[in-house]
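Report on the following structure.
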Amino acid sequence: MAVDRFATAPEFRDFFKACYGPTIAVYAAIADDAGKAAELDDALVELARRHDRGDGRLVMDWESLLYVARKRG
């Protein structure tokens, strides 16, 4: 699925930093280490840039898996 919600790679980083639980938890765990927080900031921006289609606006292709289970009885 094409994701075009973010105008820039830093906007992608900021969204995950503020809204995505696992990313929030990592930032909380490294809050006392500014160097590690900066490294994670840079890594998230690089991740977005690496997966950008390069059409001008940040557009990334994401995959998702929907798993459905039924309980017997």
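First residue of the sequence shown? That's 0 in numbering that gives the first Met the number 0, and the numbers climb one at a time after it.
Each residue gets a CB set at the ideal place from its N, CA and C atoms; glycine is no exception.
DSSP, reduced to helix, strand and coil, places V67 outside both helices and strands of the structure shown, so it counts as coil. Note that the C-beta distance between L57 and T7 is below 8 angstroms. In the three-state reduction of the DSSP assignment, A30 falls in the coil class. Here DSSP, grouped into helix, strand and coil, assigns V2 to strand.
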